[in-house]
Every structure is written in C-alpha cells, then in structure tokens.
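So, in structure tokens, the structure goes:
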C-alpha cells in the first residue's frame, strides 16, 4: 500500500471514529429521559420500598446520562477501529476479506464493543438508583426492609457461629439476603461481609452520591471490581438477541412486503418496517433487559443472590408483568435511536471530511 493510500485509509478511519462517537453521544443525550424512566420502572420494587414519584424538573431525568454518554462514545468510536483490526486479521493470504469472514469480524466487534458499555451501564444504574434514594431521604420515606441492619445482624450471627465452631471466615466473602414471597422477610445471609465494606455500605447509605466520580468510588468501596462488571453475561446475551431479532424481523418484513425482492421500498415502508422490527426486539428481549437492570443494582446480591432467584422472585412477588416493566420508554428509545444516529453520523462525517481536506497554511 502506498503512503498516500495509507494516509487516506487512516483519515477515513479517524473520520468514522469521530462521527461515530459524536453520534453516540447525541443519540444517548436526546433519548436519555426515556432511558431514565425505563430504568426507574425496572428497579422499582414496592415489596421493599414505597412507590417512586417521578420528578417534575427535566434535568433530573438526565441523572446518569454522563456515564452512558462516555460508554456509548467509546463503544461507537472503537467499533470502526476494532472492526478494521479484526477485518485485517480475518483477511486471507491475498489480503481480501470474504463475506463469511466479515460476519465473524462483525460478531467479534459486537462482543468487544459491548464490553466497553458494561461498566458505564453499572455506573448509570447506580446513579439512577441513588436519585431514587435521595428523593426518599428528602421525603423521609423509610424502606420496608433496612438492608444495612439486615447485613449487620446476619454478619454478627455468622461470626458468632464461626467462633463457636472454630470455622475460618474468608477475607472477602459475599452476601446474599432473600425475601420470602409470602412475608417479604429477609433470609439471613450465609457468608460474612468484611468490616470495611460494611462501613462503606453504612456511609454511602447515609451519604447518597450524585456525581460520576462519587458513584465510581462508591461502587469500588462497596462492591469492588465486580461492581463494574455486574450483569455482563446477560448484557452480552441481550445485545446478541437485539441484533438477531431486529435483522430477522426486518428481513422477514422485506420479503413479506416485496416477495420478488426488487429492492424498491418507499420511505414510509422502510420506516414502518424499522418500527415493527423495534417492536419485535422489545417484545422478545424486554425480560432480559429487566433482569439486566436488576442485576446491576447495588443491592442485587443482597436481595436476589443470583439470576435464577431474581427471575423467580420477580415473577412470584411482583407478577409476570414486571418482566416487561419499562417497555414503552424503551420502545421509543430503540425506535428513534437508529434514526438519530444515522442523521448525526452523516452530518459529522461530511463536516470532518471537509475539514480534513482543507489546508489553511498551504500556499495558493
């Protein structure tokens, strides 16, 4: 490859990364109020806490937006760089990439870019959950179950049992408290929480963090590194299902609308097919999205223990309909995100392309 061709390729890649990250930020910011409403409705559990009242101020609906903007910007910008690297890696001896290898490169790219978002999804969820806690503290609303007292009581009891039996405690054990579907009473955790983490939990339970850096510190001190990776597997599963359902539905609708596959579709037809495909995505993957959100809450391990317990208790205590909580705001977000991303990407790509072709200090 000549020097000129290499420079052109690098400029195109840089343009795509800038346009992609900008489109990711704009799309996230515009649709974030729907993300906020969706997350609140999925976190809310009236068995544990009184019903949440949505704020009247618009800016409150952007709590956690900064974290998700950073995550989506990294995801979108790295998409092209990672795909370009995987495409080169998957190329044959002649340097060409066949269609099957492009598909594999796309799957690998989707896996990597999803990993970017998971830590910021956890930060976003904690920021929104803290906003809920802050409102309850301002209104002097106490939870039906005091998680801190439950942990302390259970930990002290476990330590007494270990002392009397001579059992050895682990340095960084985990906890799990569950609720009875009938009585909503906590079950004593099986393991012991370290003193440092109990102190951190007590501190952050009284001092609610509302900033990005504050929540990062909170997650690290109360949950450790695992706090940033909660819900990783189910997030990857949801992303895979999103792509599979959307493309399958879109392809089916195209065949149904135009069996001859002439390729002539009106703007209205394409918009309708995109909307129906988004409806299919929400209908199929909404339970996964609800479980993902609950797995990323800061008291997930205390309340639910694992994904099977979370699924069972959510259905038994709150009804099966809870598995579809937040479907409407998510549908609005999914339906509009693609259009916003494409429009912003196109505008930014053209603008950056024109800027790169300018040579302000070159002689006429």
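In this note's numbering, the protein residues as written are -11 to 352. Think of the CB as a built atom: it goes at the ideal place given N, C-alpha and C, for glycine as much as any other residue. These numbers were taken from a predicted model, which means no experiment stands behind them.
Asked: Could you confirm whether any beta carbon from chain C is found closer than 8 Å to the beta carbon of residue 52?; Found: Judged by its chain identifiers, the structure shown contains no chain C, having just a single protein chain.
Asked: If you measure between the beta carbons of residue 323 and residue 236, is that distance less than 8 Å?; Found: no
Asked: Check whether the stretch 40 to 57 touches the stretch 107 to 127, taking contact to mean three or more Cβ pairs, one atom from each stretch, closer than 8 Å.; Found: yes
Asked: Are the beta-carbon atoms belonging to residue 292 and residue 7 less than 8 Å from one another?; Found: no
Asked: To the nearest angstrom, how far is it from the Cα of residue 252 to the Cα of residue 122?; Found: 53 Å
Asked: Please name the residue, chosen from 230, 28 and 118, that lies closest to residue 274 on a Cα-to-Cα basis.; Found: 230
Asked: Count the other C-beta atoms from every protein chain shown that fall within 10 angstroms of the C-beta of residue 95, then say buried if there are 16 or more, exposed otherwise.; Found: exposed
Asked: Quick one, are the C-beta atoms of residue 310 and residue 302 less than 8 Å apart?; Found: yes
Asked: The alpha helix (DSSP H) spanning residue 259 covers which residue range?; Found: 255 to 283
Asked: Below 8 Å on the Cβ atoms is my guess for residue 63 versus residue 105; work out the distance and round it to an integer in Å.; Found: 5 Å
Asked: Tell me the rounded alpha-carbon separation between residue 280 and residue 68.; Found: 26 Å
Asked: Quick check on residue 38: buried or exposed, where buried means 16 or more other Cβ atoms within 10 Å of its Cβ?; Found: exposed
Asked: Please name the residue in 30, 255, 282 and 71 whose C-alpha comes closest to that of residue 220.; Found: 282
Asked: Taking DSSP as the reference, what is the three-state secondary structure of residue 99?; Found: helix
Asked: Output yes or no for whether 8 Å exceeds the beta carbon distance between residue 278 and residue 30.; Found: yes
Asked: Terminal residues of the continuous alpha helix (DSSP H) containing residue 224?; Found: 220 to 245
Asked: What would DSSP say about residue 127, mapped onto helix, strand or coil?; Found: coil
Asked: Comparing alpha-carbon positions, which option in 335, 336, 284 and 343 lies nearest residue 28?; Found: 284
Asked: Exposed or buried, which one is residue 119 when buried takes at least 16 other CB atoms within 10 Å?; Found: buried
Asked: Determine the direct distance from the alpha carbon of residue 5 to that of residue 74, and round the result to whole angstroms.; Found: 16 Å
Asked: Report the residue from 328, 215, 312 and 339 whose alpha carbon sits nearest the alpha carbon of residue 289.; Found: 215
Asked: If distances are taken between C-alpha atoms only, which option among 254, 26, 227 and 190 comes closest to residue 211?; Found: 190
Asked: Quick one: using the 10 Å Cβ neighbour count with 16 as the cut-off for buried, is residue 247 buried or exposed?; Found: exposed
Asked: Excluding the 5 residues flanking residue 188 on each side, which residues of the same chain have their C-beta closer than 7 Å to its C-beta?; Found: 209 and 210
Asked: If I'm right that residue 314 touches residue 26 with Cβ under 8 Å, what's the distance once you round it to whole angstroms?; Found: 4 Å
Asked: Judging by CA-CA distance, which residue of 194, 331 and 327 is the nearest neighbour of residue 125?; Found: 194
Asked: Compare the C-alpha of residue 198 against each of 50, 22 and 297 and name the closest.; Found: 50
Asked: Alpha carbon to alpha carbon, how far is residue 234 from residue 272? Give it in angstroms, no decimals.; Found: 10 Å
Asked: Where residue 72 and residue 9 are concerned, what is the direct C-alpha to C-alpha distance, given to the nearest angstrom?; Found: 16 Å
Asked: Consult DSSP for residue 252 and reduce its assignment to one of helix, strand or coil.; Found: coil
Asked: Could you work out which residue in 185, 223 and 222 is closest to residue 355 when comparing CA atoms only?; Found: The structure shown does not extend to residue 355, since the chain spans only -11 to 352, so no value can be given for it.
Asked: Would you tell me roughly how many angstroms separate the C-alpha atoms of residue 228 and residue 183, rounded to the nearest one?; Found: 40 Å
Asked: Quick check: what's the CA-CA separation for residue 240 versus residue 127?; Found: 51 Å
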